[in-house]
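Everything below concerns the one structure shown next.
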Amino acid sequence: MLINCAAYEDGKKLADLPISSIREYVSRPGCFVWVALKDPESSDLEALQGEFHLHPLAVEDATHGHQRPKLEEYGDMLFCVLHVLEMDELGNLEVGEVDIFVGPNYVLSVRSKSRIGFLNVRERCEQEPHLLKNGAGFVLYALMDAVVDRYFAIVHRLEGELEQIEDRIFTERGTARANIEALYALKRKLVTVNHAAVPLLEAIAHLYGGRVPQVCMHIQEYFRDVYDHLERIVKITDSVRDMLTTAIQVNLAIISLEDSAVSKRLAAYAALFAVPTMIAGIYGMNFEHMPELKSEFGYPLSLTAMVVLDIVLYWRFRRARWL
Amino acid sequence: MLINCAAYEDGKKLADLPISSIREYVSRPGCFVWVALKDPESSDLEALQGEFHLHPLAVEDATHGHQRPKLEEYGDMLFCVLHVLEMDELGNLEVGEVDIFVGPNYVLSVRSKSRIGFLNVRERCEQEPHLLKNGAGFVLYALMDAVVDRYFAIVHRLEGELEQIEDRIFTERGTARANIEALYALKRKLVTVNHAAVPLLEAIAHLYGGRVPQVCMHIQEYFRDVYDHLERIVKITDSVRDMLTTAIQVNLAIISLEDSAVSKRLAAYAALFAVPTMIAGIYGMNFEHMPELKSEFGYPLSLTAMVVLDIVLYWRFRRARWL
Amino acid sequence: MLINCAAYEDGKKLADLPISSIREYVSRPGCFVWVALKDPESSDLEALQGEFHLHPLAVEDATHGHQRPKLEEYGDMLFCVLHVLEMDELGNLEVGEVDIFVGPNYVLSVRSKSRIGFLNVRERCEQEPHLLKNGAGFVLYALMDAVVDRYFAIVHRLEGELEQIEDRIFTERGTARANIEALYALKRKLVTVNHAAVPLLEAIAHLYGGRVPQVCMHIQEYFRDVYDHLERIVKITDSVRDMLTTAIQVNLAIISLEDSAVSKRLAAYAALFAVPTMIAGIYGMNFEHMPELKSEFGYPLSLTAMVVLDIVLYWRFRRARWL
Amino acid sequence: MLINCAAYEDGKKLADLPISSIREYVSRPGCFVWVALKDPESSDLEALQGEFHLHPLAVEDATHGHQRPKLEEYGDMLFCVLHVLEMDELGNLEVGEVDIFVGPNYVLSVRSKSRIGFLNVRERCEQEPHLLKNGAGFVLYALMDAVVDRYFAIVHRLEGELEQIEDRIFTERGTARANIEALYALKRKLVTVNHAAVPLLEAIAHLYGGRVPQVCMHIQEYFRDVYDHLERIVKITDSVRDMLTTAIQVNLAIISLEDSAVSKRLAAYAALFAVPTMIAGIYGMNFEHMPELKSEFGYPLSLTAMVVLDIVLYWRFRRARWL
Amino acid sequence: MLINCAAYEDGKKLADLPISSIREYVSRPGCFVWVALKDPESSDLEALQGEFHLHPLAVEDATHGHQRPKLEEYGDMLFCVLHVLEMDELGNLEVGEVDIFVGPNYVLSVRSKSRIGFLNVRERCEQEPHLLKNGAGFVLYALMDAVVDRYFAIVHRLEGELEQIEDRIFTERGTARANIEALYALKRKLVTVNHAAVPLLEAIAHLYGGRVPQVCMHIQEYFRDVYDHLERIVKITDSVRDMLTTAIQVNLAIISLEDSAVSKRLAAYAALFAVPTMIAGIYGMNFEHMPELKSEFGYPLSLTAMVVLDIVLYWRFRRARWL
């Protein structure tokens with residue numbers, strides 16, 4: 600589905616175009632065309648492949664989807680795959696994909712499996728013509744920056760999830776099973792974020808500093824900035840993973856401790872029953888000569904003994920924190 | 600066993616050949632011979648060693664089998680070992696091997712311990728003469744691509760296995776032992792896939808970008824594509840391993856939790872027996888002055904007390920989720 | 600908020616300046632201006648951005664804060680982000696930030712979220728004019744050195760915390776839960792220190808040895824010294840982390856051991872009750888021919904048997920260290 | 600002890616020599632001397648040190664033994680230390696050492712603490728004069744190859760040991776303690792193999808590809824072959840270690856499971872006793888009005904109730920797999 | 600405190616000197632001065648700083664102590680920090696420090712917090728004038744070699760400690776707590792050794808092979824030898840750490856196993872009590888028609904039944920290894 604197609608010159612939008620007029624603008628020097636597709640048919644891509652001379656392997660990747668984030672150079676064309684992360688209401692992570700083809704005079708972005716679009720990126724670019732006149736490379740930067748910015752929101756939510764679980768581990772008894780499930784689910788999400796961020800980090804490292812593709816040459820510092828953001832994201836996920844590993848161990852220790860506490864309580868209660876049972880057993884013996892049995896106060900005294908002993912025991916268990 | 604032997608020129612098949620005519624075609628410029636063997640006798644290999652001037656160490660490796668995946672250059676010959684992974688009906692991984700010798704004008708593939716062949720690779724190559732005219736290097740690519748593509752199916756099945764185990768861990772009680780065995784078996788398979796994929800990744804990295812062997816020079820982007828697929832496979836197995844490690848810990852925690860739950864249930868039942876036993880003990884005492892014993896309602900009341908106390912206890916245990 | 604603004608020449612302070620006179624001194628050769636801000640409004644930064652020609656991306660970073668420690672070159676300007684660590688009375692770590700812009704003739708430090716300032720750094724610099732005449736780069740060094748020096752205090756406190764926990768683990772029974780919480784909290788702090796120190800280490804490595812920015816050229820050995828201190832800090836935190844991991848495992852083992860000790864005690868007590876109960880049961884049987892029942896000494900002897908057996912058991916449990 | 604001393608020219612043996620005639624052959628161009636010592640006195644080594652101009656540090660290393668595997672260049676001499684691994688009848692690993700000095704016209708191998716010699720290496724070399732004429736470097740290769748080949752046997756036995764333990768873990772109850780001991784012993788052996796193989800791997804990497812010592816120049820592909828074998832060994836030990844770590848965790852989980860199973864069985868049996876005891880208690884009460892007590896069928900019916908209840912319980916425990 | 604101060608020329612000692620005559624000998628070509636201090640006052644160091652033109656940062660490091668092992672070049676001066684490890688009678692590790700300043704014509708060693716000195720190093724050097732004539736660099740080597748040699752003794756003791764703990768883990772029951780403490784203490788010592796050895800390893804790597812400081816140029820092979828020893832030490836500590844990690848896990852498993860064994864024993868004993876109690880309960884019932892009660896042999900038979908059942912149970916528990 601075509602979302603958008605426009606030509607830009609010197610940072611300003613010239614016109615919205617039909618696909619058929621792309622050729623005209625692409626050949627105009629100093630001008631570039633920015634096309635946005637969503638969940639395209641393979642025919643859509645094929646049409647544009649002709650206009651922009653896209654490399655067949657890149658088009659194949661964009662058609663099939665399910666790529667790792669990456670950045671590939673095919674001659675003077677860059678092909679970039681980004682993962683778009685969105686969190687639904689239940690806190691599940693959904694992974695969409697944006698494939699971006701960038702040439703000297705065109706940008707083609709192909710979005711799939713992602714609910715949120717990039718219209719606001721285009722708007723912001725159009726409001727900053729002094730930056731947009733850096734050309735197609737700047738659009739690549741703007742899209743990357745938007746994608747990476749969304750990672751921050753995700754990563755901070757995951758940090759928050761970890762903190763909630765930590766609180767539960769240390770303060771709420773009986774949540775161990777829920778904590779385990781939550782920690783495991785969190786781990787899964789961290790793996791997903793890592794799969795999105797780490798390969799992209801490696802990719803962006805090629806866009807500043809060393810041998811940089813022509814189209815990104817004059818805006819290297821912007822890519823370094825994205826790199827920097829991404830590195831922060833990766834470090835945060837790394838430390839969340841690190842804490843999570845410890846949290847799992849700690850949770851296990853808490854389970855052992857609670858188990859041990861349960862054993863103690865059980866044993867204490869067992870003792871509270873065992874004492875009267877033993878006394879009762881003694882006075883249930885059939886010896887002929889048991890003077891207590893004849894005494895009028897035997898029965899009430901034995902009951903009192905049971906109760907008193909149990910109270911003493913209860914108090915001692917309490918003090919030892921077994922009950 | 601000879602599977603296939605044919606000569607190609609300019610991307611088109613010239614003829615199926617007997618071994619004896621290989622020499623003639625090999626010496627013809629612009630032409631290359633593609634020979635496929637299966638579980639060959641060492642005599643088969645020796646014959647071809649002469650025709651293609653294969654290096655003795657490479658031939659020795661192909662004869663013995665059991666090699667790690669690798670890529671070696673001997674002068675202008677490439678020797679490549681690939682692991683072929685197949686999953687049988689029971690979900691066991693079987694490892695076969697394909698050894699490929701590639702020279703400027705020949706490709707020799709030697710398949711062993713693998714049920715599935717590569718005839719479809721040859722067919723697809725023959726249907727795409729515009730690609731096949733890239734020569735022997737393209738055949739190497741096509742074989743690699745076919746082998747690596749099969750890894751995807753395996754890896755996705757392993758992902759599926761992990762998800763099944765995860766489901767069982769969190770939802771089905773009493774499956775802990777089965778889960779452990781399944782997790783361990785899964786780990787084994789991941790190690791096998793890693794052994795196939797990681798060394799190959801290192802090997803393919805030499806086929807694009809830097810100093811590339813002559814025979815692969817013009818199709819570097821295809822090898823980068825295989826590299827990319829393989830890297831995805833490695834990343835997936837890495838994250839499955841990572842989750843698996845966590846799953847083992849989590850499973851252990853669940854075992855502790857279930858154990859603890861069992862302790863609680865046992866203790867609750869023990870209490871349900873202990874209460875009537877204690878009451879019965881008390882009224883089994885032989886004191887002369889126990890007025891309850893004389894009462895007509897003593898017995899039914901004591902039974903009622905037992906039942907009522909047990910019901911109360913049961914209800915409390917229920918509420919505390921011990922029962 | 601402006602904390603301080605002064606011009607220096609040849610290692611000596613010329614004058615305290617209002618912001619408006621900065622331009623005059625910046626343009627004077629051999630002279631540099633040192634400005635310190637705290638929690639600045641974005642307008643404050645914008646004013647100085649004009650004076651010092653700061654790069655917009657760096658200013659944006661300083662305005663937003665929450666950066667990782669880093670060192671970036673923008674032309675002949677260095678932009679450096681440091682984390683300031685402070686420990687409050689409860690032992691919690693607080694992370695502040697200092698952003699430092701260094702150019703050939705100016706230093707601008709922007710402090711945020713940090714209670715402790717750097718006035719003493721300025722004082723010490725002014726007392727050592729032979730060093731301060733190395734210019735703006737030396738001020739960068741002096742600030743870094745002050746920040747890193749504070750890390751030492753933190754790290755040594757964390758070492759102390761670990762040692763306290765270790766002592767408790769091995770010598771005080773019943774502290775397992777408190778130890779787990781303390782170990783987990785310690786881990787969190789270590790992660791925080793690592794986040795402050797490791798990226799800075801990577802950054803400072805660019806300030807000596809290889810291609811060094813002009814402004815730090817003549818004082819490389821000082822930066823190597825900071826690097827050295829920082830590396831020591833990193834190594835200490837690494838080994839604290841390493842020991843901490845082991846401590847968590849060890850604590851878990853101690854929990855198991857204590858649990859096991861509790862089981863033994865419980866069982867021993869249960870036995871002490873079970874013996875009299877059994878004997879009482881036996882003499883509670885209703886057989887007609889039980890000669891002991893008739894004996895006058897039957898009852899006292901049976902009680903004696905109960906007591907004696909329990910004493911023997913108690914003594915044996917004691918010896919086996921079950922009680 | 601001198602094992603062997605012979606001179607070779609053009610791949611063929613010239614003569615067995617006494618030590619005293621070495622000088623004559625060493626100085627003859629195109630000729631090299633191959634000396635094999637076993638557990639030598641330091642005097643033996645000193646004598647040869649003079650003949651071959653061995654470097655004192657290398658001789659010191661060979662005299663003291665207990666070296667890590669390594670490869671050192673001293674001018675045009677190579678000094679190589681290899682670990683020889685042998686497994687005794689009880690499955691214990693023994694580590695011997697071979698130190699090899701290689702110069703342009705001599706090879707001196709010094710074997711210590713190893714039962715098995717290298718006579719077969721010399722024999723095979725003498726049977727392949729077309730290879731042996733590559734000179735002293737080829738002898739180094741042949742010795743390395745023989746040593747590394749023996750590693751394979753060891754490593755495959757360790758794989759076998761792991762598989763046996765795995766089988767026991769999952770199929771034989773009550774073997775947990777034996778399994779732990781076996782896993783620990785296996786770990787020790789893996790560490791030993793790793794100590795032999797990994798440093799050697801690093802060492803051999805200097806014998807092909809890059810700047811290669813003169814004496815190995817023409818047979819680089821042979822050293823690459825050894826490297827390849829060694830890398831396979833290292834990968835196998837790595838994956839055995841990896842599985843072993845998992846096996847230890849899995850074994851721990853199995854221990855917990857068996858423990859839990861034992862608890863259940865015990866509790867079930869306790870219940871089987873508790874039921875009759877409770878019933879007996881009830882009919883042991885001394886109420887005057889307990890009609891069952893007068894009934895002729897009271898006793899048999901109560902016994903029947905005990906038995907029936909126990910059978911029901913038993914059947915339910917059975918079904919729940921507690922018994 | 601000045602320990603020693605002497606001048607050497609051509610490998611031979613010229614004279615013991617007072618500090619005041621150092622200047623004279625330092626300026627004499629081909630001659631070098633070797634000064635040894637112990638726990639110096641800062642005034643001692645300042646005096647020598649003037650004589651030898653030591654860099655202030657290095658002197659500051661030597662004054663404060665508590666440095667990581669390192670090697671720094673300041674112009675043609677080398678500054679080297681080594682950790683000296685000593686084990687006291689209780690097996691505790693003590694860490695001392697030696698700081699060594701080496702210039703073309705002087706060596707200054709500053710020892711602190713270490714009981715054992717380096718007089719024997721000086722003696723050995725003076726006995727080998729053919730080596731000592733390599734100058735100040737050789738003294739650096741000799742000191743390093745002495746320090747590293749002492750590491751071996753430490754590391755072998757730690758290996759011995761591990762083996763003792765292993766023996767206890769597998770053969771002596773009830774030592775689990777002691778083992779945990781011992782393993783933890785061992786881990787601490789390994790961390791200490793690692794802190795001494797690993798940074799030194801990195802440092803020494805700069806003294807051979809690549810760009811080597813002038814003063815060490817002609818004795819590179821000696822530094823390679825130290826490097827080699829140190830690498831062996833590091834590998835040994837690495838594998839001790841590795842085994843130790845496994846030993847902690849194994850110990851935990853053993854704890855679980857012993858715990859499980861205790862549970863079984865307890866349960867077995869409980870059963871031995873439960874059987875007579877149940878039988879006694881049955882014959883304590885008050886049914887009128889219980890023929891056994893009238894029988895003269897009822898009582899002895901019931902006692903016999905109790906004993907026989909217990910013997911059978913005991914024998915079965917024994918066979919099942921529960922008792």
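Protein sequence lines, in the order shown, are assigned to chains A, B, C, D and E. If you read the first sequence in this note's numbering, its first letter stands for residue 600, the second for the next number, and so on. If you read the second sequence in this note's numbering, its first letter stands for residue 600, the second for the next number, and so on. If you read the third sequence in this note's numbering, its first letter stands for residue 600, the second for the next number, and so on. If you read the fourth sequence in this note's numbering, its first letter stands for residue 600, the second for the next number, and so on. If you read the fifth sequence in this note's numbering, its first letter stands for residue 600, the second for the next number, and so on. Virtual Cβ for every residue (Gly too), placed ideally from N, Cα, C.
Asked                                                                                                                          : Found
Whether Val634 (chain A) touches Pro703 (chain A) by CB criterion (8 Å)                                                        : no
Continuous alpha helix (DSSP H) stretch holding Ala657 (chain A): start and end                                                : Pro655 to His663
Own chain residues within Cβ distance below 6 Å of Ile602 (chain B), not counting five before or after                         : Ala635 and Lys637
Closest by C-alpha distance to Leu718 (chain B), when choosing among B:Leu902, B:Cys604, B:Lys834 and B:Glu758                 : B:Cys604
Ala614 (chain E): first and last residue of the uninterrupted beta strand (DSSP E) it sits in                                  : Lys611 to Asp615
Proximity of Val706 (chain C) and Val754 (chain C) at Cβ, strictly below 8 Å                                                   : no
Residue range of the unbroken beta strand (DSSP E) whose run includes Arg710 (chain B)                                         : Tyr705 to Ser711
Assigned secondary structure, Glu820 (chain D) (DSSP; H/G/I helix, E/B strand, else coil)                                      : helix
Stretch-stretch touch, CB-based, cutoff 8 Å, three pairs: the stretch 664-682 of chain E with the stretch 826-846 of chain C   : yes
Buried or exposed by the 16-neighbour rule on C-beta atoms within 10 Å, applied to Thr791 (chain D)                            : buried
Residue from A:Leu806, A:Thr836, A:Arg787 and A:Gly880 whose Cα sits closest to the Cα of Val839 (chain B)                     : A:Arg787
Residue-chain proximity (Met884 (chain B), chain A), Cβ-Cβ < 8 Å                                                               : yes
Cβ of Asp827 (chain B) within 8 Å of any chain A Cβ                                                                            : yes
Check whether Leu761 (chain D) and Asn850 (chain D) have beta carbons under 8 Å apart                                          : no
Closer than 8 Å to chain B by CB, Met905 (chain D)                                                                             : no
Residues, ordered as in the chain, of the stretch 798-828 of chain D that lie near chain B by beta-carbon distance below 8 Å   : Glu820, Tyr821, Arg823, Asp824 and Asp827
Cβ shell of Asp698 (chain C) (< 6 Å), same chain only, five flanking positions each side left out                              : Ala661, Val680 and Val709
N-terminal and C-terminal residue of the beta strand (DSSP E) that Gly809 (chain C) is part of                                 : Careful: Gly809 (chain C) lies outside any beta strand (DSSP E) and carries neither H nor E.
For Ile715 (chain C) and Val683 (chain C), the rounded distance between their alpha carbons                                    : 9 Å
Ile803 (chain B) and Tyr750 (chain B) closer than 8 Å at C-beta                                                                : no
Touching by the beta-carbon criterion (3+ pairs, under 8 Å), the stretch 892-902 of chain D and the stretch 867-884 of chain D : yes
Simplified DSSP state of Ala635 (chain D), which is helix, strand or coil                                                      : strand
Burial state of Ile835 (chain D), where buried means 16 or more other Cβ atoms lie within 10 Å                                 : buried
Residues that Ala854 (chain A) contacts on chain B, provided the C-beta gap is smaller than 8 Å                                : It is worth fixing the name first, because residue 854 (chain A) is Ile in this sequence and not Ala. Residues of chain B passing the Cβ test: Ala852, Ser855, Leu856 and Ser859.
Neighbour list for Lys732 (chain C) in chain E, Cβ cutoff strictly below 7 Å                                                   : Within 7 Å Cβ-Cβ: nothing; Lys732 (chain C) doesn't reach chain E, min ~16 Å.
Proximal chain B residues relative to Glu928 (chain D), where beta-carbon distance stays under 9 Å                             : Since the first residue of chain D shown is 600 and the last is 922, residue 928 (chain D) is not available in this structure.
Cα-Cα separation, Met743 (chain C) to Leu800 (chain C)                                                                         : 11 Å
Distance between beta carbons of Cys724 (chain D) and Ala741 (chain D), contact taken as under 8 Å                             : 5 Å
Strand pairing of Tyr673 (chain E), partner residues [DSSP]                                                                    : E:Met676
Residue-level contact to chain D via CB, Gln726 (chain E), 8 Å cutoff                                                          : no
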